[in-house]
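Here's the structure, in structure tokens; my notes come after.
Numbering (the UniProt record's numbering), first residue to last: 1 to 250.
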């Protein structure tokens, strides 16, 4: 903080022999001291902190909201897992709400950009943490993102009215020797089966049925997703909180 910086400046000037106790304080040190004093005085007003507003992701996290708005690439996965673990240690009982607007491990036009292991890692941590994780689909929940949607707590998996949910199989761009391509193809099949197993468990459907549905592209509207068992309810703005609790602290 500014006070510590001021003390460090005093110590450094003493050590260098540029200034000794009893001498006139240099003007730049007076400015630092005055700025630190004003910062300490203006930090709170009527019990409310005065300063730049916190960033929006921090506000959402403070209200136990996680938003996935990108494909599941490693950087996104690291952030989501870190947020889940943080919220788990902050409270083991208060629910976590995860909003999903993601094309999964591919782009919106189907080009692979991530690995299914990213989605598996998030799904495992969702089950590992003690707080219940509520899931809400908005915009799109494609492929691995649809699988994450189904991993929410039973009875607390939702979609907004115009969301689109897509079931499909993993894609991969394999290159190299024929043996390398064969190994990669085997891994893709294993990942496909694992995704289908997780969806089948979340939906309460036979694995064979889910694998058949995922063998080709299958689009689901929110009401169809309810019938399929991917979600439990379609919600509107009337069902959402009018004012998040963190707003009262601003």
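All C-beta atoms, glycine included, are put in the ideal place defined by N, C-alpha and C. This one's a predicted model, so the numbers in the text were calculated from it and none came from an experiment.
- prompt: For residue 148, which of 80, 60 and 219 has the nearest alpha-carbon?
  reply: Within the chain shown, numbered from 1, the residue matching residue 148 stands at position 148. Nearest C-alpha to residue 148: 80.
- request: Would you check if the distance between the CB atom of residue 142 and the CB atom of residue 166 is smaller than 7 Å?
  value: Numbered from its first residue, the chain shown carries residue 142 at position 142. Numbered from its first residue, the chain shown carries residue 166 at position 166. Taking C-beta atoms as the reference points, residue 142 and residue 166 count as a pair closer than 7 Å.
- prompt: Under 7 Å, do residue 110 and residue 71 count as touching if we go by C-beta distance?
  reply: Position 110 of the chain shown, counting from 1, holds the residue named residue 110. Position 71 of the chain shown, counting from 1, holds the residue named residue 71. It is not a contact, given that the beta carbons lie outside the stated cut-off.
- request: Please classify residue 213: is it buried, with 16 or more other beta-carbons within 10 angstroms of its beta-carbon, or exposed?
  value: As a working mapping, residue 213 is identified with position 213 in the chain shown. Around the CB of residue 213, 16 or more other CB atoms lie within 10 Å, so the residue is classed as buried.
Residue(s) in a DSSP beta bridge with residue 158: Position 158 of the chain shown, counted from the first residue, corresponds to residue 158. Residue pairing for residue 158: DSSP places it in a beta bridge opposite 136 and 233.
- prompt: How do the segment 150–157 and the segment 180–194 stand: do at least 3 beta-carbon pairs fall below 8 Å, yes or no?
  reply: Remark: fewer than three beta-carbon pairs, one from each stretch, lie closer than 8 Å, so the segment 150–157 and the segment 180–194 are not flagged as touching.
task: Using a Cβ-Cβ cut-off of 7 Å, state whether residue 209 counts as contacting chain D.
output: Of the protein chains in this structure there is only one, and it is not chain D.
query: At what residue ranges does the segment 44–112 contain a whole run of the beta strand (DSSP E), taking only runs of 3 or more?
result: DSSP runs (the beta strand (DSSP E)) wholly in the segment 44–112: 65–68 and 96–102.
- prompt: By a C-beta neighbour count over all protein chains shown, 10 Å radius and 16 as the cutoff for buried, is residue 64 buried or exposed?
  reply: On the chain shown, residue 64 is found 64 positions in, with the first residue counted as 1. The C-beta of residue 64 has 16 or more other C-beta atoms within 10 Å across all chains shown, which makes the residue buried.
task: Please classify residue 40: does DSSP put it in a helix, a strand, or coil?
output: By one-based count along the chain shown, residue 40 stands at place 40. Interpretation of residue 40 is limited by its pLDDT of 46, a score under 50 that renders its predicted location unreliable; the figure taken from the coordinates is listed afterwards. The answer is helix: DSSP assigns residue 40 an H, G or I state.
task: Please go through the same chain and pick out, in chain order, the residues whose beta-carbon is closer than 6 Å to the beta-carbon of residue 164, but skip the five residues on each side of it.
output: Within the chain shown, the letter at position 164 stands for residue 164. Cβ within range, chain order: 140.
Rounded straight-line distance, which links the Cα of residue 209 to that of residue 61: Counting from 1 along the chain shown, the entry for residue 61 is found at position 61. Counting from 1 along the chain shown, the entry for residue 209 is found at position 209. Approximately 37 Å between the Cα atoms of the pair.
- request: Mind checking who residue 141 pairs with in its DSSP beta bridge?
  value: As a position in the chain shown, residue 141 is number 141, starting the count at 1. Under DSSP, residue 141 takes part in a beta bridge, and its partners are 102 and 165.
Nearest neighbour of residue 82, chosen from 124, 56, 107 and 105 [CA to CA]: Within the chain shown, numbered from 1, the residue matching residue 82 stands at position 82. Ranking 124, 56, 107 and 105 by Cα distance to residue 82 puts 124 first.
Same chain only: Cβ atoms within 8 Å of residue 223, ignoring 5 sequence neighbours per side: The residue you call residue 223 lines up with position 223 of the chain shown. In chain order, 234 place their CB closer than 8 Å to the CB of residue 223, counting only its own chain and leaving out the 5 sequence neighbours on each side.
message: I need the DSSP call for residue 194, collapsed to helix, strand or coil.
response: The residue you call residue 194 lines up with position 194 of the chain shown. Note: residue 194 maps to helix in three-state DSSP.
- prompt: If residue 116 sits next to residue 195, beta carbons under 8 Å apart, how far is it from one beta carbon to the other, in whole angstroms?
  reply: Locating residue 116 in the chain shown gives position 116, where the first residue counts as 1. Locating residue 195 in the chain shown gives position 195, where the first residue counts as 1. Contact holds; Cβ gap of about 6 Å.
message: With H, G and I counted as helix, E and B as strand and the rest as coil, what does DSSP make of residue 218?
response: To locate residue 218, count along the chain shown from 1; it is residue 218. Correct three-state label for residue 218: strand.
field: For residue 217 and residue 168, the rounded distance between their alpha carbons
entry: The count along the chain shown starts at 1 and reaches residue 168 at position 168. The count along the chain shown starts at 1 and reaches residue 217 at position 217. Rounded to whole angstroms, residue 168 and residue 217 show a C-alpha spacing of 5 Å.
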